[in-house]
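Q: Numbering-wise, full-length UniProt numbering puts 407 at position 407 of the sequence shown, and it's gapless, one number per residue. Beta carbons: idealized from backbone N, C-alpha and C, even for Gly. All figures in this text were calculated on a predicted structure; none of them were measured in a lab.
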Amino acid sequence: MMSLGFFPIPPTVRKLFSSLTLASVPTSGLRGVGPEGLGAGLRGRGGAAVLRRSRIALGGGLSGGSGVGRSLSARRRCWGGGVRLRLRVGRAGVVADMEQTNTGIQKNLEQEIINYRFKTSFFDIFVLAFFRFSGLLLGYAVLRLRHWWVIAVTTLVSSAFLIVKVILSELLSKGAFGYLLPIVSFVLAWLETWFLDFKVLPQEAEEERWYLAAQAAVARGPLLFSGALSEGQFYSPPESFAGSDNESDDEIVGKKSFSAQEREYVLQGKEAMAVVDQILAQEENWKFEKNNEYGDTVYTIEIPFHGKTFILKTFLPCPAELVYQEVILQPERMVLWNKTVTACQILQRVEDNTLISYDVSSGAAGGVVSPRDFVNVRRIERRRDRYLSAGIATTHCAKPPTHKYVRGENGPGGFIVLKSASNPRVCTFIWILNTDLKGRLPRYLIHQSLAATMFEFAFHLRQRIGELGARA
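1. Reducing DSSP to helix, strand and coil, say where residue 6 ends up.
2. Three Cβ pairs or more, each shorter than 8 Å: is that satisfied between the stretch 380-391 and the stretch 410-423?
3. Where are the beta strand (DSSP E) runs, 3 residues long or more, that stay fully inside the stretch 381-425, in chain order?
4. Where does residue 117 fall in DSSP's three states?
5. Assign residue 294 to one of three DSSP states: helix, strand, or coil.
6. Assign residue 307 to one of three DSSP states: helix, strand, or coil.
7. Taking DSSP as the reference, what is the three-state secondary structure of residue 370?
8. Using the three-state DSSP reduction, which class does residue 330 fall into: helix, strand or coil?
9. Can you tell me where the alpha helix (DSSP H) with residue 142 in it begins and where it stops?
10. Tell me where the alpha helix (DSSP H) around residue 275 begins and ends.
11. Kindly indicate which three-state DSSP category residue 359 falls into: helix, strand or coil?
12. With distances taken between CB atoms, is the gap from residue 413 to residue 433 smaller than 8 Å?
13. Under a Cβ-count criterion, where at least 16 other Cβ atoms within 10 Å of its own Cβ denotes burial, should residue 320 be classed as buried or exposed?
14. Rounded to whole angstroms, what is the Cα-Cα separation between residue 83 and residue 267?
15. Taking the C-alpha atoms as reference points, what is the distance between residue 471 and residue 333?
16. Determine the closest residue to residue 356 out of 163, 187, 261, 292, with distance taken between C-alpha atoms.
17. Rounded to whole angstroms, what's the CA-CA distance from residue 163 to residue 191? Just pull it up for me.
18. Taking three-plus beta-carbon pairs below 8 Å as touching, is the stretch 324-338 in contact with the stretch 298-309?
19. Does DSSP put residue 285 in a helix, a strand or coil?
20. Check whether the Cβ atoms of residue 375 and residue 393 sit closer than 8 Å, and answer yes or no.
21. For the beta strand (DSSP E) that contains residue 164, what are its first and last residues?
22. Label residue 336 either buried or exposed according to how many other C-beta atoms from any shown protein chain fall within 10 Å of its C-beta, with 16 as the threshold for buried.
23. Considering only residues of the same chain and omitting the five flanking positions on each side of residue 454, which have a CB-CB separation below 8 Å?
24. Do you know how far the Cα of residue 303 is from the Cα of residue 287?
25. Using DSSP's beta-bridge definition, name the partner residues of residue 431.
26. Looking at the secondary structure, which residues open and close the alpha helix (DSSP H) in which residue 342 lies?
27. If residue 398 and residue 269 are in contact, beta carbons under 8 Å, what's the gap, nearest whole angstrom?
28. Please classify residue 271: is it buried, with 16 or more other beta-carbons within 10 angstroms of its beta-carbon, or exposed?
29. On the three-state DSSP scale, how would you describe residue 471?
30. Exposed or buried, which one is residue 463 when buried takes at least 16 other CB atoms within 10 Å?
31. Taking the alpha-carbon of residue 257 as reference, which of 305, 350, 322 has the nearest alpha-carbon?
32. Would you call residue 290 buried or exposed, if buried means 16 or more other Cβ atoms sit within 10 Å of its Cβ?
33. Would you kindly work out how many angstroms separate the C-alpha atoms of residue 322 and residue 380, rounded to a whole number?
34. Measuring straight from C-alpha to C-alpha, what distance separates residue 137 and residue 202?
35. Where does residue 458 land, buried or exposed, given buried means 16+ other C-beta within 10 angstroms?
Right under this line is the structure:
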């Protein structure tokens with residue numbers, strides 16, 4: 001039986017208290033609270049597993065007043081730990097006050113509780129903290145509300161009481177500690193309010209918006225041309241597709257016997273593609289970072305569970321099919337013209353639209369960032385108005401981590417080639433990059449090197465297009 005100094009707490013309530021401590025935050029799946037920390041904590045375990053855990057967290061942390069869900073969101077748990085801290089501060093104040101005299105614990109309890117006086121007792125501050133803790137626990141842990149009214153009411157009551165307590169009390173007779181406890185309680189109450197209103201609730205609302213958008217994208221079904229790319233068409237001009245007009249991806253996959261690992265690869269690719277679709281749909285939320293003299297522009301966007309994502313957007317004076325073949329269909333040939341990559345190898349073709357690749361990036365930032373290697377699952381799709389290649393980090397037995405390179409991990413990202421509705425001889429190229437380079441590198445240096453790498457890639461791609469145009 002746990003107690004708060006002198007009041008026992010039933011095991012059921014104790015369990016709820018424990019669920020709100022910082023120690024209860026699952027570090028394996030939600031390492032860090034900020035976007036970067038979440039990205040680092042969730043990447044590297046396979047795209048499908050990551051997104052499934054994301055959905056579980058959303059189901060628990062965003063269920064509102066229904067109470068439906070399996071767990072609280074990471075930020076809400078962190079905030080709950082702070083709420084419990086304030087309760088302990090109130091308890092510590094009462095205990096410290098009783099220890100200042102030598103009359104014994106029983107006599108002090110009688111003085112604080114039975115012979116309670118508003119002007120001299122600390123016990124009411126503990127009762128106030130317990131009232132606030134219980135209200136917030138009920139509202140945001142049990143009912144899982146997503147509105148600020150509960151904390152607004154409790155903060156108003158707490159603030160009014162503490163202000164009156166400081167003005168009318170005789171606590172100064174107990175020394176500086178007499179005023180320190182009410183002031184600390186007042187500050188902690190407003191810190192809890194600020195964190196919930198500006199950090200927890202807005203972040204959960206943003207994550208819910210992304211989750212619902214992803215669900216809607218899945219419900220819409222694929223926007224592919226009928227059929228799927230045949231294996232041979234990964235290297236041939238992309239004018240046609242194999243398969244009948246009525247075949248779906250699932251039907252095509254069902255025609256071949258897949259292992260559990262291969263099915264996981266296919267699922268990872270599809271879920272990475274869903275995230276890429278949502279990033280493209282959120283273009284109005286892209287944040288401008290920088291551009292260059294060629295008109296290439298780099299944007300960023302914060303993605304729940306994956307962190308900061310870089311987006312390169314550039315205009316190319318060539319047909320979309322040409323970029324599709326050079327960048328998407330023939331990734332292993334990219335080393336011939338792309339100086340930002342030193343190696344690219346296809347490890348496995350899982351099915352017509354899914355493959356596993358191994359890539360080695362060249363160093364960046366003048367050699368400060370050493371070369372990294374990556375193992376990614378890629379999904380390729382061809383649609384009426386665009387070509388897409390989406391990928392995410394995965395593992396493969398053919399390329400385990402080695403001491404030669406630092407193994408980086410990519411979040412959802414890929415290449416998109418948008419066709420022009422008015423001019424088939426031009427297109428728009430988009431590169432979405434979400435990566436964890438690992439190692440102890442300053443964040444600002446990583447961000448600078450990624451933007452520079454994207455500009456360099458666009459330069460080499462433009463050169464490649466010029467060479468192909470000259471040959472034609």
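A: Quick look at the numbers:
1. With a pLDDT of 38 at residue 6, under the threshold of 50, the modelled position of that residue is not reliable, and no figure is offered here.
2. yes
3. 386-393, 413-419
4. coil
5. coil
6. strand
7. coil
8. coil
9. Here residue 142 belongs to no alpha helix (DSSP H), and DSSP marks it neither H nor E.
10. 260-281
11. strand
12. yes
13. buried
14. 40 Å
15. 17 Å
16. 261
17. 16 Å
18. no
19. helix
20. yes
21. First-last for residue 164: 149-168, but that is the alpha helix (DSSP H), not the beta strand (DSSP E).
22. exposed
23. 296, 298, 310, 312, 431, 433
24. 12 Å
25. 312, 415
26. Here residue 342 belongs to no alpha helix (DSSP H); instead the beta strand (DSSP E) covers 341-351.
27. Going by Cβ atoms, the distance from residue 398 to residue 269 rounds to 18 Å, so no, they are not a contact pair.
28. buried
29. helix
30. exposed
31. 350
32. exposed
33. 15 Å
34. 19 Å
35. buried
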